[in-house]
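One structure is given here, and the rest of the page talks about it.
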Amino acid sequence: MTQHRRPATPQAAHLKTDQEIRAHARTVHASAIVIDANGELALGQVPFDRVTPDQSFADAQRSGLTALSYTAGCWGPGALLSYENVLADLARWHGHLARYRQRLRLATCAEDIRAAKADGRLAIVLNVQDASILGRDLSVLDLLHGFGVRQVQLTYNTRNLIGDGCTERTNAGLSDFGAAVVRRLNELGILIDLSHCGRQTTLDAAAVSTRPVACTHTAARARRDIPRNKRDDELRAVAATGGVVGVVAVPSFLTNKSQATLDDVLDHIDHIVDGIGVEHVGIGTDRGVSFETATREEYYAWLAPLGFKPEVNPPWPPGVEGLACAADLPNLTEGLIRRGYDDDAIRSILGGNFLRLYEHTIGER
Amino acid sequence: MPQRSAEDTGRAERVHGGAYVIDAACPLVNPKDIDQQLPELRRGGVTCAVGTVASIEGSRETLHAIAAWFPTLRERCGDLCLATTAADIEAAKRAGKVAVVLQFQGGTPLDYNANLVEAFYRLGVRVIQLTYNERNPLGDGCTERTDAGLSDLGVRVIAEMNRLGVAVDLSHVGYRTSMEAIEASAAPVIFSHSNARAVCDSARNLTDDQMRAAAARGGVIGVNAFPAFVARHQAPTVEHLLDHIEYMVRVVGDDHVGLGFDFSRETEEDYKYFKYKEDVYPKPPWVYPAGIDGFAKIPNVTRGLVARGYSDDAIRKILGGNFLRIFRQVWGG
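Chains G and Z, in that order, give the protein sequences. One gets the working numbering by counting positions in the first sequence from 1 and adding 5 to each. One gets the working numbering by counting positions in the second sequence from 1 and adding 14 to each.
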């Protein structure tokens, strides 16, 4: 599959100085549709959040983001598993979208993301990261769709009625109900996210889905062997649907070194590009737009009930050097240039691929 | 039916009257149907009915289903009592009452929270079946397309059940989940209402190795009267049900066999609600086997066991002695 590989002759070769590279990076970044397929904009929902809305919007500006997908309901009692939290958070975000309409717009189709790029706003794709809130009732998906949710992850880390999460002791495939959920998500036009799913559930969902699927925020297990990362066969299965794999900026998913750097992110991107082709790779930082200001205690208190196990629990501090939050994304563009990616490839990784995926799943308009 | 001598009939009546008769799976024993079922339970000589309060419902609905029992038990305290210990069942026998045990036929009332085992234990629940046919957060049911094992949560829930003294019930549970649960449980387990697959091939029935694994740890299997699990290609009768008992006794011995008739009555709507698969569950109405189509007919099982040459002691164990033993062991008292 050599056509997928990075160009043998780095196009950056003609860029002589660091200054030239940085200037070129700024141009490419500014021209790109940049999508964080799993991000967070702090607007008071995080209990330990010390970032003001003004700071959030300034950081969003700095990030160059066109769109980010926000996870509804991951703050509060019962966390991701709670139907009440998800609905309350969706309601809160519709309030934000109205209050900050100069800054934000809801994205329920690909055209909304292009329009956001044109008018300088940040498009918000609402997602839910644990479909266990459906119970055994498919019609909850219609409700979520009605609330603007366009991205649903089938499982979080643990088992639900649909499939197994990646930290489960078992490796169950998609259940009968899970297959029905996938079909309904296809019908409704909601992107299926398999990031936290176990291996067999990931493979089954990719096989059952009639539309492309995504792992919005993961990394390559061949480079870092933890349950949250995807094996090469899972990456291939996602790509075979026409899907996209978003690479995280979570230090512990990237390396076992005490300090992860931008190079680690780039190493995972390279691995996945080499494996499944540049048209199937994107970004899903799993970080805030602004750098998280939680204390160590606050951070672990939040993680504890989410089914993370010690080998996956992100270490402290939570930031990758050079890509500690989405506001640092221009550094990624510069890094991709230095690794020899051409402008088209960079733009596809930064957001072009996820934009195409949204066209094929949530729809063009 | 075989001819019976007057001597056999007298012996059957005597044994049945003196025995603890425990039906380990009673969907019809619920606050709504109890007035209709009570005379049937009386005629059948039932000492203890394990009543289903939930199968696939969440914590909230289950809480209401349990709460509905409390006024019912209060108003019928001359006929019924709640059993949370083996001594309660013995006391019910002495007082001529029917002891009611609260049972889940699936772990969904726990939501995703193992702490709810203790909450429901405090409300009186003493039997929890891990799954009901389909997948739930604890494991796979026996009609699920997959055969996943016990989840991490399933392991934690069993540890809680063991700590508190709640019986682990593995009827309706998928093969791998059941085998892993037998392994994980420190206490013996029950299959409250499951037949032998070798006698009637159904996803709801047990393979020999499931029966042996449960029996090896001191478990008990309740024979089921649900028609499609008794016989597949002909109208089932009490003789087919006795064939299951006989087969199980041959495979695991008479210390490990009991009764769990699963008498129920469901509508087309119920059928949809439970998402039954038609190859396992024919559409209702369900016609229970001739000779064992309700609680009142349970003495026919005793008669049949006498006719088939079982000793008084073996019959008493099968009618309820084995379940009483395991309940004492698991619940205490």
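The C-beta atom is built at its ideal place from N, Cα and C for all residues, glycine as well.
Can you tell which of Z/I196, Z/K311, Z/R136 has its C-alpha closest to the C-alpha of Z/L164?
Counting from one through the second sequence, the residue named residue 164 of chain Z turns up at place 150. Looking at the Cα atoms, Z/I196 is the closest of the given residues.
Flag this pair as yes or no: are the beta carbons of G/A42 and G/S68 separated by less than 7 Å?
In the first sequence, residue 42 of chain G corresponds to position 37, counting from 1. In the first sequence, residue 68 of chain G corresponds to position 63, counting from 1. Cβ atoms of G/A42 and G/S68: not closer than 7 Å.
Using 8 Å as the threshold, is the stretch 264 to 282 of chain G in touch with the stretch 222 to 229 of chain G, meaning 3 or more CB pairs across them?
yes
DSSP beta-bridge partners of G/N132
Position 127 of the first sequence, counted from the first residue, corresponds to residue 132 of chain G. According to DSSP, G/N132 bridges with G/T76, G/Q156.
According to a CB-to-CB cut-off of less than 9 Å, which residues of the stretch 163 to 189 of chain Z neighbour chain G?
G163, L164, S165, D166, L167, G168, V169
Just list the alpha helix (DSSP H) runs in the stretch 120 to 156 of chain Z, keeping only unbroken ones of 4 residues or longer that don't cross its boundaries, in chain order.
130 to 136
What is the rounded straight-line gap between the Cα of Z/K286 and the Cα of Z/Y295?
If you number the second sequence from 1, residue 286 of chain Z lands on position 272. If you number the second sequence from 1, residue 295 of chain Z lands on position 281. Between Z/K286 and Z/Y295, the alpha-carbon positions lie close to 11 Å from each other.
Kindly list, in the order they appear in chain G, the residues whose Cβ is closer than 9 Å to that of Z/I70.
For this step, residue 70 of chain Z is matched to residue 56 along the second sequence. Correct list: R141.
Endpoints, beta strand (DSSP E) assigned at Z/F118:
The residue given as residue 118 of chain Z occupies position 104 in the second sequence. Start and end: 112 to 118.
Just to make sure I have the definition right: I need the residues of chain A whose C-beta is within less than 9 Å of the C-beta of Z/P151. Which are they?
As a matter of chain content, chain A is missing from the structure shown, whose protein chains are G and Z.
Is there a C-beta anywhere in chain Z that falls below 7 Å from the one on G/A177?
Within the first sequence, numbered from 1, the residue matching residue 177 of chain G stands at position 172. Cβ-Cβ to chain Z under 7 Å: yes for G/A177.
Chain G residues whose Cβ lies nearer than 8 Å to that of Z/D154:
The sequence position of residue 154 of chain Z within the second sequence is 140, counting from 1. Going along chain G in sequence order, the residues near Z/D154 (Cβ under 8 Å) are A177, S180.
Interface positions of the stretch 30 to 62 of chain G facing chain Z (Cβ-Cβ less than 9 Å), listed along the chain
none
Let me know if Z/V301 comes out buried or exposed under the rule of 16 or more other beta-carbons within 10 Å of its beta-carbon.
As a working mapping, residue 301 of chain Z is identified with position 287 in the second sequence. Under this definition Z/V301 is an exposed residue.
Taking the C-alpha atoms as reference points, what is the distance between Z/P9 and Z/L178?
Because chain Z spans 15 through 347 in this model, residue 9 of chain Z falls outside it and cannot be assessed.
How do the stretch 89 to 97 of chain G and the stretch 330 to 347 of chain G stand: do at least 3 beta-carbon pairs fall below 8 Å, yes or no?
no
For Z/V182, the residue or residues it bridges with in DSSP
Taking the second sequence and counting its residues from 1, the one referred to as residue 182 of chain Z is at position 168. For Z/V182, which the question treats as bridged, DSSP gives the partners Z/I142.
Contact list for G/E173 against chain Z, beta-carbon separation under 7 Å
As a working mapping, residue 173 of chain G is identified with position 168 in the first sequence. Per Cβ cutoff of 7 Å: S165, D166.
Which chain Z residues sit within Cβ distance under 8 Å of G/D169?
Counting from 1 along the first sequence, the entry for residue 169 of chain G is found at position 164. For G/D169, the chain Z residues whose C-beta falls within less than 8 Å of its own C-beta are A162, S165, listed in chain order.
By how many angstroms is the C-alpha of G/G183 removed from the C-alpha of G/A13?
The sequence position of residue 13 of chain G within the first sequence is 8, counting from 1. The sequence position of residue 183 of chain G within the first sequence is 178, counting from 1. The predicted position of G/A13 is uncertain, since its pLDDT is 48 and thus under 50; a value taken from the coordinates is nonetheless stated next. Taking the Cα positions, G/A13 is about 43 Å away from G/G183.
Looking only at DSSP bridge pairs, what is G/L46 linked to?
For the purposes of this step, residue 46 of chain G is taken as residue 41 along the first sequence, with counting starting at 1. Looking at the DSSP assignment, G/L46 forms no beta bridge with any residue, so it has no partner.
Should Z/E283 be labelled buried (16 or more other beta-carbon atoms within 10 Å of its own) or exposed?
Taking the first residue of the second sequence as 1, we reach residue 283 of chain Z at position 269. Z/E283 is exposed by the Cβ-count criterion.
How many Å lie between G/M6 and G/I197 at the Cα?
Within the first sequence, the letter at position 1 stands for residue 6 of chain G. Within the first sequence, the letter at position 192 stands for residue 197 of chain G. Reliability of the predicted coordinates at G/M6 is poor, the pLDDT of 37 falling under 50, and the value obtained from them is presented with this limitation in mind. Roughly 26 Å separates the two Cα atoms.
So is Z/C62 buried or exposed if we call it buried at 16+ other beta carbons inside 10 Å?
By 1-based counting over the second sequence, the position of residue 62 of chain Z is 48. Buried: at least 16 other Cβ atoms inside 10 Å.
Measure the C-alpha to C-alpha separation of Z/D93 and Z/V112 and round it to an integer number of angstroms.
For the purposes of this step, residue 93 of chain Z is taken as residue 79 along the second sequence, with counting starting at 1. For the purposes of this step, residue 112 of chain Z is taken as residue 98 along the second sequence, with counting starting at 1. In a straight line, the C-alpha of Z/D93 is about 6 Å away from that of Z/V112.
Got a sec: is the Cβ-Cβ distance from Z/R330 to anything in chain G below 7 Å?
The residue you call residue 330 of chain Z lines up with position 316 of the second sequence. No, because no Cβ of chain G sits closer than 7 Å to the Cβ of Z/R330.
Using the Cα positions of G/T290 and G/L111, report the straight-line distance between them to the nearest angstrom.
Translated into positions along the first sequence, residue 290 of chain G becomes position 285. Translated into positions along the first sequence, residue 111 of chain G becomes position 106. One C-alpha to the other measures close to 20 Å.
Check whether the Cβ of Z/R342 lies closer than 7 Å to any Cβ atom in chain G.
By one-based count along the second sequence, residue 342 of chain Z stands at place 328. Chain G, which has no Cβ nearer than 7 Å to the Cβ of Z/R342, makes this no.
Is the beta carbon of Z/L273 closer than 7 Å to that of Z/G232?
In the second sequence, the residue the question calls residue 232 of chain Z occupies position 218. In the second sequence, the residue the question calls residue 273 of chain Z occupies position 259. Not closer than 7 Å, so no.
On the three-state DSSP scale, how would you describe G/R67?
Mapped onto the first sequence, residue 67 of chain G falls at position 62. If DSSP states are grouped into helix, strand and coil, G/R67 belongs with the helices.
Taking 7 Å as the threshold (beta carbon to beta carbon), is Z/A260 in contact with chain G?
As a first step, residue 260 of chain Z must be located in the second sequence, where it is residue number 246. The identity of residue 260 of chain Z in the sequence shown is Glu, whereas the question assumes Ala. Closer than 7 Å: no.
Counting only beta-carbon separations shorter than 7 Å, does Z/R159 have a partner in chain G?
Numbered from its first residue, the second sequence carries residue 159 of chain Z at position 145. Closer than 7 Å to some Cβ of chain G, the Cβ of Z/R159 qualifies, so yes.
CA-CA distance, G/Q264 and G/V154?
Along the first sequence, one-based indexing puts residue 264 of chain G at 259. Along the first sequence, one-based indexing puts residue 154 of chain G at 149. Between G/Q264 and G/V154, the C-alpha separation is close to 35 Å.
Counting Cβ pairs closer than 8 Å, one from the stretch 118 to 138 of chain G and one from the stretch 154 to 165 of chain G, do we hit at least three?
yes
List the whole-angstrom C-beta distance separating Z/S185 from Z/Q143, where the pair is believed to meet the contact cut-off of C-beta under 8 Å.
Position 171 of the second sequence, counting from 1, holds the residue named residue 185 of chain Z. Position 129 of the second sequence, counting from 1, holds the residue named residue 143 of chain Z. Sure, about 6 Å apart at Cβ, within 8 Å.
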